[in-house]
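Enquirer: Let me begin by handing over the structure; questions about it come next.
Numbering (my numbering), first residue to last: 556 to 904.
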């Protein structure tokens with residue numbers, strides 16, 4: 556009887572299956588157990604002279620192999636697989652066990668550039684209940700997003716399965732994660748901002764929920780058009796023009812009810828420093844969508860408070876008639892601006 560990797564091996568490879576073979580006999584049983592309590596399933600060939608594990612052993616794990624040939628005592632061997640010198644993980648959005656709006660994609664950012672996109676994408680699956688086709692799209696060598704053709708149905712349960720452990724994402728760089736994560740989709744809320752009319756219409760589960768007068772970007776700082784998804788929420792936050800390439804035009808320490816729409820700095824937020832007469836009549840902002848609000852973010856009667864209170868991460872906000880081109884789909888969680896055909900072209904599978 557022979558076992559591969561050989562008994563006592565301390566830095567065995569983890570990219571090949573475990574094999575047990577016999578000559579002048581047949582195998583009766585084989586069990587391979589890791590020091591983490593896991594087992595490697597496998598199967599015999601038709602003559603039962605060889606057993607091969609169905610998967611490869613994990614890295615950095617000690618395995619015990621107990622094998623018995625017909626009419627002979629059991630033989631026990633052990634080996635330890637080496638640990639990879641370089642690894643990567645994927646940080647995912649949304650958070651585990653969270654509830655999001657219908658526009659929330661599953662977005663994964665990897666800590667190392669991926670060169671074998673097919674191998675990595677094959678190790679990541681996103682499934683939905685109720686079932687719908689979900690496809691991955693690579694925005695870069697470090698970002699992989701998943702979405703269905705249209706927004707998720709309200710109440711959907713989403714499961715992200717990461718099977719990245721020991722997947723070689725780049726030469727000599729291996730994944731470390733093997734876990735399942737679930738998310739949930741809440742009610743449907745889709746808001747449409749018409750910057751010609753300076754009005755936002757909020758629809759909840761297909762019915763108009765509220766309308767608010769707004770002020771968008773002025774002619775020198777037009778607001779992105781297209782479909783945008785709320786990716787961050789702040790009751791109050793500081794907004795400083797230098798962080799978005801606008802010099803020292805503004806620095807407001809306590810912007811109320813701010814909800815991020817793009818990575819580049821577009822928000823829908825409350826505004827207490829402009830006259831109430833601006834909203835619904837003039838586009839005066841530096842590119843954000845503003846609603847009338849009160850300093851301190853505690854006045855429940857103003858539009859900024861009410862819209863923020865009705866919103867959640869993953870809600871959809873659509874901007875029309877802004878005078879600006881459609882936002883890039885990777886500028887935030889805004890892949891809905893790609894058609895389904897364009898989205899599928901970004902898959903490695």
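All residues carry an ideal CB built from backbone N, CA and C; glycine is no exception.
Taking the alpha-carbon positions, what's the residue 803 to residue 779 distance?
Expert: Locating residue 803 in the chain shown gives position 248, counting from the first residue. Locating residue 779 in the chain shown gives position 224, counting from the first residue. One C-alpha to the other measures close to 22 Å.
Enquirer: Using only CA atoms, which one of 843, 620, 629 lies nearest to residue 775?
Expert: Here residue 775 corresponds to residue number 220 of the chain shown, with the count starting at 1. It is 843.
Enquirer: Nearest-angstrom Cα distance between residue 558 and residue 573?
Expert: In the chain shown, the residue the question calls residue 558 occupies position 3. In the chain shown, the residue the question calls residue 573 occupies position 18. Residue 558 and residue 573: Cα-Cα distance of roughly 8 Å.
Enquirer: Drop a sphere of 10 angstroms on the beta-carbon of residue 887, count the other beta-carbons inside from all chains shown, and report buried for 16 or more, exposed for fewer.
Expert: As a first step, residue 887 is located in the chain shown; it is residue number 332 there, counting from the start. The residue in question, residue 887, is buried, as its Cβ has 16 or more Cβ neighbours within 10 Å.
Enquirer: Could you pull the start and end residues of the beta strand (DSSP E) that residue 809 belongs to?
Expert: Locating residue 809 in the chain shown gives position 254, where the first residue counts as 1. It spans 806 to 815 - the beta strand (DSSP E) in which residue 809 sits, taken as one unbroken run.
Enquirer: Is the region 740 to 747 touching the region 708 to 720 in the sense that three or more CB pairs, one from each, lie closer than 8 Å?
Expert: Yes: the two stretches touch, three or more of their Cβ pairs being nearer than 8 Å.
Enquirer: Am I right that residue 759 and residue 787 are in contact with their C-beta atoms under 8 Å? What's the rounded C-beta distance?
Expert: On the chain shown, position 204 is the one that residue 759 refers to. On the chain shown, position 232 is the one that residue 787 refers to. The pair is not a contact, with the Cβ atoms about 21 Å apart (cut-off 8 Å).
Enquirer: Do you know how far the Cα of residue 732 is from the Cα of residue 811?
Expert: Position 256 of the chain shown holds residue 811. Position 177 of the chain shown holds residue 732. Taking the straight line from one Cα to the other gives about 38 Å.
Enquirer: Between the C-alpha atoms of residue 724 and residue 612, what's the straight-line distance to the nearest angstrom?
Expert: Here residue 724 corresponds to residue number 169 of the chain shown, with the count starting at 1. Here residue 612 corresponds to residue number 57 of the chain shown, with the count starting at 1. Spanning the two alpha carbons is a distance of roughly 17 Å.
Enquirer: Using C-beta distances below 7 Å, list every residue in its chain close to residue 893, excluding the 5 sequence neighbours before and after it, in chain order.
Expert: Position 338 of the chain shown holds residue 893. Hits under 7 Å: 884.
Enquirer: What separation, rounded to the nearest whole angstrom, lies between the Cα atoms of residue 605 and residue 870?
Expert: Numbered from its first residue, the chain shown carries residue 605 at position 50. Numbered from its first residue, the chain shown carries residue 870 at position 315. If you take the alpha carbons of residue 605 and residue 870, they lie about 55 Å apart.
Enquirer: Once the 5 residues before and after residue 685 are set aside, which same chain residues still bring their CB inside 7 Å of it?
Expert: Mapped onto the chain shown, residue 685 falls at position 130. Cβ within range, chain order: 708, 711.
Enquirer: Nearest to residue 835 by alpha carbon, out of 751, 744, 823, 705?
Expert: Here residue 835 refers to the residue found at position 280 when the chain shown is read from its first residue. Among 751, 744, 823, 705, the Cα nearest to that of residue 835 belongs to 751.
Enquirer: Please return the same chain residues whose Cβ sits closer than 7 Å to the Cβ of residue 720, not counting the five positions on each side in sequence.
Expert: As a first step, residue 720 must be located in the chain shown, where it is residue number 165. Closer than 7 Å at the Cβ level, and outside the excluded window around residue 720, lie 613, 730, 731, 732, 733.
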